[in-house]
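Participant:
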Amino acid sequence: MKHYMQTMASVLDGTHKGAVDLKYFDAKYVSVYRNNSVTAHIDVLWANYKSVARLVGDEYFTSICLEYIKKYPARRRNLVGYGEHFFQLIDDNIERHNLPYLSSFAKLDHAWTLAHIAQDTAALQMSVLENIIQQGGDLENFKMSITPDVFLVCNDWPVFSLWAALRDDEDIRGAVSLTEQAENALVWRHGHNVMYRALNAAEFAFLNTIKHGGNLGLATVKALEVEPATDIGQVLGGMVAAELFTIEKSTDGDADA
Amino acid sequence: MTKLPNMAGMGLKPEFYREALEFPLDHSGQNMWYEVHPENCMVDGGPRLAWLEAIADKFPLSLHGVGASLGGLDPFDKTHLKSLRMLIEQFNPAQVSEHATWSSFDGTYFADLLPLPRTQAAQDHMVERIDEFQTAIGRRILIENPTNYMATNSDQSHVEMDEPEFLVEIAKRAGCGLLLDVNNVYISSVNVGIDASAYIHALPPGLIGEIHIAGFDEDPMHGKKLLIDAHSSPVSEPVWDLLDTALTHIGPVPVLLERDGNIPAFSELLQEHSRAQSALDLLVATGAAE
Chain S
420 MKHYMQTMAS VLDGTHKGAV DLKYFDAKYV SVYRNNSVTA HIDVLWANYK SVARLVGDEY
480 FTSICLEYIK KYPARRRNLV GYGEHFFQLI DDNIERHNLP YLSSFAKLDH AWTLAHIAQD
540 TAALQMSVLE NIIQQGGDLE NFKMSITPDV FLVCNDWPVF SLWAALRDDE DIRGAVSLTE
600 QAENALVWRH GHNVMYRALN AAEFAFLNTI KHGGNLGLAT VKALEVEPAT DIGQVLGGMV
660 AAELFTIEKS TDGDADA
Chain R
-7 MTKLPNMAGM GLKPEFYREA LEFPLDHSGQ NMWYEVHPEN CMVDGGPRLA WLEAIADKFP
53 LSLHGVGASL GGLDPFDKTH LKSLRMLIEQ FNPAQVSEHA TWSSFDGTYF ADLLPLPRTQ
113 AAQDHMVERI DEFQTAIGRR ILIENPTNYM ATNSDQSHVE MDEPEFLVEI AKRAGCGLLL
173 DVNNVYISSV NVGIDASAYI HALPPGLIGE IHIAGFDEDP MHGKKLLIDA HSSPVSEPVW
233 DLLDTALTHI GPVPVLLERD GNIPAFSELL QEHSRAQSAL DLLVATGAAE
């Protein structure tokens, strides 16, 4: 039984050397199992890296997937979220595809997937902060966390608007022309929908401070350091309305590789 | 836990969550039930679980696993078992099923349902594994017959019995039931030349708790000689005929319409669902069961 499975497994993972020793089966159709397995993985990678697939086209995307499947075979018994190292593989192949910005798209796609399946948590409501103010409490030392569906994505290339267009199935015409420049984006879930928007430097500093355990006072200081004219009330109000914070214990999102 | 109704049900897909939820129930409250792959719901939160919760509140639900690797040699994945147990606790499905196949070896998960050798040793192994699995999840399961793509070669050391004999003995000894996928039987009849009707009649009716119907694709290279269990097209006429054969032999049991690719409009799927229900209704009306 072990030899039987070992033989099939070597066909499936492509590690079998030379002609397949198929004493068990008619060799003509053995590739069906490999095709089924590969197709299942590629379908999931396509769904999880939709913008990358649309950007590079089916043929090249399939070639990246095949390499990925070989290098990072699935170890869990389901493919939900499969492809967590995809942007690394893309970066490893920059010389081949000559698209240095491609992994930035992959990071945003991955954040989308993680936000979609993240834990549900009760969001902090503005009334909580208003009550603290009304009772003369200390808002500066108030601590909150980002909700598990919030992901800050730091990229070296300004791809966000193009990524959002691809994600929204808009038609992209013409060649992509980008100049290397750092850009931060926020991906999160609001209700059943995954949302996304670019973050300015102050917003990023504010949110990143909260994410790393800083209190509201420290987040305000960090935001004002990068942009003194920032209206902190507006930033905080917008983020609370978007339900980015919780006062429940939660796991930090971490797509900002 | 309620029993799945002996009615036609449908595989639940994100493409039609809303329509599925809004499907009108009749006075019996059992004219629709849904089946999901639990692996797609092994997430921490979000819309998948929220929709499933709403749908499971209104309709009977079946969990049909694809990732356990029941026949595999690797130990069961503890995280997978724990997630499955949690889904069972949360949604209280009327039925839980898996496949009489393997899908993992040396820690790698292939995301495919691979056929087992049909030997006494493999049978003993499956009985032990199903016992362990049923104990771990606290439920009796049904196991589904596999699709066959490759005829056995001259070396028959891995084939000591035919598939019905292999599965029936496992089910009897392990205390599980059978899920008869008539599309798989039809595909195997084309691909490896089994007699589909004889296959179905070799299964004791009392062991079968559910029937699956689905569509297949022709292999791009080999055409009609090699059919692929793709679930990407409507149910074919020969499979509808086999459904009638199976229902006549077994009697009324839950019948599930599977569709996993090229998902059409919900209304289109409902037409196939209605045809399956009509087959069940006719069976009851005429008392045609053997």
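These protein sequences, in sequence, are chains S and R. Position one of the first sequence corresponds to residue 420 (the numbering used here), numbered consecutively onward. Position one of the second sequence corresponds to residue -7 (the numbering used here), numbered consecutively onward. Glycine included, C-beta positions come from ideal geometry on N, C-alpha and C.
1) Out of S/Thr649, S/Asp528, S/Ala493, S/Ile513, which one is the CA nearest neighbour of S/Leu605?
2) Can you tell me whether S/Gly672 is buried or exposed, with buried defined as 16 or more other CB within 10 angstroms of its CB?
3) Does the Cβ of R/Val88 have 16 or more other Cβ atoms within 10 Å, making it buried, or fewer, making it exposed?
4) Rounded to a whole number of angstroms, what is the C-alpha to C-alpha distance between S/Gly437 and S/Ser450?
5) Within 8 Å of any Cβ in chain S, is that where the Cβ of R/Thr71 sits?
6) Express the C-alpha separation of S/Leu533 and S/Phe570 in angstroms, rounding to a whole number.
7) Which chain S residues sit within Cβ distance under 8 Å of R/Met34?
8) In terms of residue numbering, what span does the beta strand (DSSP E) encompassing R/Gly283 cover?
9) From which residue to which residue does the alpha helix (DSSP H) around R/Gln22 run?
10) Counting only the same chain and skipping the five closest in sequence on each side, list residues whose C-beta sits under 7 Å from that of S/Thr665.
11) Can you name the start and end residues of the beta strand (DSSP E) that R/Glu136 belongs to?
12) Against chain S, does R/His117 count as a neighbour if the rule is that its beta carbon must be under 8 Å from one of theirs?
13) What three-state label does DSSP hand R/Tyr101 in the structure shown?
14) Using a Cβ-Cβ cut-off of 8 Å, state whether R/Gly215 counts as contacting chain S.
15) Using a C-beta cutoff of 8 Å, does R/Gly99 count as contacting chain S?
16) Going by other Cβ atoms of all chains shown within 10 Å of its Cβ, with 16 needed for buried, is S/Thr649 buried or exposed?
17) Quick check on S/Met424 - is its C-beta less than 8 Å from some C-beta in chain R?
18) Would S/His611 count as contacting chain R if we go by Cβ distances under 8 Å?
19) Assuming R/Ser54 is part of the beta strand (DSSP E), what are its boundary residues?
20) Keeping to the same chain, check which residues put their C-beta closer than 7 Å to that of R/Ile186; ignore five residues upstream and five downstream.
21) Identify the contact partners of S/Lys630 in chain R, using a Cβ-Cβ distance below 8 Å as the criterion.
22) Does the Cβ of R/His91 have 16 or more other Cβ atoms within 10 Å, making it buried, or fewer, making it exposed?
23) Give a yes or no on whether the C-beta atoms belonging to S/Arg495 and R/Thr71 are separated by under 8 Å.
24) Could you tell me which residues DSSP pairs with R/Asp173 in its beta bridges?
25) May I have the straight-line CA-CA distance separating R/Trp283 from S/Ile461, to the nearest angstrom?
26) Let me check understanding here. Comparing Cα to Cα, which of R/Leu79, R/Leu159, R/Pro109, R/Asn175 lies closest to R/Arg131?
27) Here's the rule I'm using: 16 or more other beta-carbon atoms within 10 Å means buried, otherwise exposed. How should S/His422 be labelled?
28) Could you tell me which residues DSSP puts in a beta bridge with R/Glu90?
29) So is R/Pro(-3) buried or exposed if we call it buried at 16+ other beta carbons inside 10 Å?
30) Grouping DSSP H, G and I as helix and E and B as strand, with all else coil, what is R/Ala113?
31) Do R/Asp116 and S/Tyr452 count as a contact pair if the criterion is CB distance below 8 Å?
32) Is S/Glu589 buried or exposed, if buried means 16 or more other CB atoms sit within 10 Å of its CB?
Facilitator: On the basis of the supplied data:
1) S/Asp528
2) Caution applies to S/Gly672, whose pLDDT of 48 falls short of 50 and renders its modelled position unreliable; the model cannot decide the point.
3) buried
4) Summary for S/Gly437: the model assigns pLDDT 47, below 50, so the residue's position carries little reliability; its value from the coordinates is reported in the next sentence. Near 14 Å, if we compare the C-alpha coordinates of S/Ser450 and S/Gly437.
5) yes
6) 8 Å
7) Chain-ordered, the chain S residues with CB closer than 8 Å to the CB of R/Met34 read Asn497, Val499.
8) Any question about residue 283 of chain R goes unanswered here, given that chain R covers just -7 to 282.
9) No alpha helix (DSSP H) holds R/Gln22; DSSP gives it neither H nor E.
10) Thr540, Ala541, Ala542, Leu543, Met563, Ser564, Thr566
11) 134 to 136
12) It does; some Cβ of chain S falls within 8 Å.
13) In this structure, R/Tyr101 counts as strand in the three-state DSSP scheme.
14) No, its Cβ sits nowhere closer than 8 Å to a Cβ of chain S.
15) yes
16) With 16 or more Cβ atoms within 10 Å of its Cβ, S/Thr649 is classed as buried.
17) At a cut-off of 8 Å between beta carbons, S/Met424 contacts chain R.
18) yes
19) 53 to 56
20) Same-chain partners within the cutoff: Ser180.
21) The premise fails here: S/Lys630 is roughly 18 Å from chain R at the closest Cβ pair, so nothing lies under 8 Å.
22) Around the beta carbon of R/His91, 16 or more other beta carbons lie within 10 angstroms, which makes this residue buried.
23) Going by C-beta atoms, S/Arg495 is nearer than 8 Å to R/Thr71.
24) R/His204
25) This structure does not reach residue 283 of chain R, given that chain R is present from -7 up to 282, and the question cannot be answered.
26) R/Leu79
27) exposed
28) R/Ile135
29) buried
30) helix
31) no
32) exposed
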